[in-house]
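Right, one structure below, let's go through it.
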Amino acid sequence: MGTKLGVADGRSVMGRHSSLVVLVGLGLALASCGGSSKTQPGDETTSCTPGERTCDGLAIKVCSDDGKTEKVDETCLPPETCSDGECSPAGNPEEKCEPDSEVCKDGSVYLCDSTGSGSKLSKACGPSQHCFEEEESASCRDVVCKPDGPLCDGELATKCKPDGSGPLPGGKSCRDADQTCFEGLCHDFTCEPGAKLCQDGDVYLCAANGTSSSLLAECNAGQVCDSVATACRTKVCDPGKVSCNGSVIVACNDSGSEWLPPSQDCAATGEVCSSGACVATTCAPYSQFCKDGNVYSCDGLGVSSSLSQNCPPAYYHCEEYPGNAYCANNICVAGQLTCD
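Residue numbers for the sequence shown follow our numbering, beginning at 2 and rising by one.
Right, dumping it as structure tokens:
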């Protein structure tokens, strides 16, 4: 007869089978624990940049050299915060900023951290630069004026901003006072801006702001600066001198470069022009005549005469004939009685 297993025998077989399964599972688990994995408790398997430090709450994690795991390297203690892989002091609420944005601070560029709790110096601007903000970025730019120095903003007299970036808004309007702005102050015009002018006998050019002029051309000897042409011209007369051109009165221009058109013809009034004026004639031009017993000569214009010959009355007397006169011998003594 075949052997029959009792209830007790069946339980025994089942127990031995269960124990075997447990032992095999335990062996597999031990085998897996004894493998070559180097992951340690607290390590996190991930993909990162070797050596990179990142924040996980208050924990600072460092990426392994193979870029496969991150390990907690340091934990920030309150009130510190973790920012960009470093522990930072608790930020001032007034210094909060837009995360990862650039701002100007103390004349240099600062970079806001990723939490927006504070910023650090990113780039120091040089002494001839200022920090310029545009949207969420900042940069160092060259100054355009002397910080706090006087400055002209068009025709407004104002000052440069403390950072040298440009003029302060507002200021004094020089135009309202019929003046011009120069070096941050209102000045009177001394010449027409950009125009040529005669100064000290030479040609000068007025500055664009009308407050000064500079030498443009030096006139040579025998030349004058013509105020109309604003150029060097040959001198033909003394500036402002009045003279005669025949019977008309002429005057030299203010520069001495030419005679002005005639202003008056003396012949129209029966007079002659003498020394720049119309005068009446007193004698026939170039004639001789008797005056006070002596011979006088008339000038070429007939306006004056002078003693030409003295006739001593004891021996001579003055006699005239047309256009001339001479000293004639006396034939007797005036007043003396004689026999004929």
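Cβ atoms here follow ideal geometry from the backbone N, Cα and C, with glycine treated the same way.
- In this structure, the alpha-carbon of K72 lies about 14 Å from that of G58.
- Look at C153 here: in three-state DSSP terms it is strand.
- Of the residues W260, S123 and P148, the one whose Cα lies closest to the Cα of L169 is P148.
- Taking all protein chains shown into account, V225 has 16 or more neighbouring C-beta atoms within 10 Å of its C-beta and is therefore buried.
- Linking E156 to P194 through their CA atoms gives a straight-line distance of about 14 Å.
- Residue state for T270 is assigned as helix, using DSSP reduced to three classes.
- Cβ neighbours of L152 within its own chain (closer than 7 Å, five residues either side excluded): C146, T159, K160, C161, P168 and G185.
- Counting C-beta atoms within 10 angstroms of its own C-beta, G211 has 16 or more neighbours from the protein chains shown and is therefore classed as buried.
- Taking the Cα of A209 as reference, the smallest distance to any Cα among D66, T181 and N221 is reached at T181.
- DSSP lists C187 as the bridge partner or partners of C182.
- Spatial neighbours of S309 in its own chain (CB-CB distance under 7 Å, excluding positions within 5 residues in sequence) are listed in chain order as Q289, V296, Y297 and S298.
- DSSP places D67 outside both helix and strand once states are collapsed to three, so it counts as coil.
- Under the three-state reduction of DSSP, D227 is assigned to strand.
- Looking at the backbone, the Cα of C56 and that of E75 are separated by about 10 Å.
- CA-to-CA, the gap between G241 and D203 works out to about 18 Å.
- For G172, the closest of C187, D164 and G165 by C-alpha to C-alpha distance is C187.
- Uninterrupted beta strand (DSSP E) stretches at least 3 residues long and entirely within the stretch 65 to 132 occur at 70 to 76, 82 to 84, 87 to 89, 103 to 106, 109 to 113 and 120 to 124, given in chain order.
- Taking C-alpha positions only, D67 is separated from E53 by approximately 11 Å.
- Annotation: H318 to S276 spans about 35 Å, alpha carbon to alpha carbon.
- The C-beta of E103 has 16 or more other C-beta atoms within 10 Å across all chains shown, which makes the residue buried.
- Cβ-Cβ separation between S248 and V273: approximately 6 Å, consistent with a contact (criterion under 8 Å).
- C49 has no beta-bridge partner at all, per DSSP.
- A Cβ-Cβ separation of about 6 Å places P100 in contact with T116 under the 8 Å criterion.
- Assignment of D177 by DSSP, reduced to helix, strand and coil, places it in the helix class.
- About 12 Å separates the CB atoms of G257 and C233; that is not less than 8 Å, and the two are not in contact.
- Going by C-alpha positions, T282 is about 43 Å away from C220.
- Going by DSSP, Y322 is part of the beta strand (DSSP E) stretching over Y317 to Y322.
- Just so you know, the alpha carbons of Y327 and A315 end up roughly 15 Å apart.
- Boundaries of the beta strand (DSSP E) around I250: V249 to A252.
- In the structure shown, the three-state DSSP call for D143 is strand.
- The beta carbon of C267 lies closer than 6 Å to those of S248, V273, C274 and C279 in the same chain, with the five residues before and after it left out.
- The shortest CA-to-CA distance from L112 to any of S89, E87 and S138 is the one to S138.
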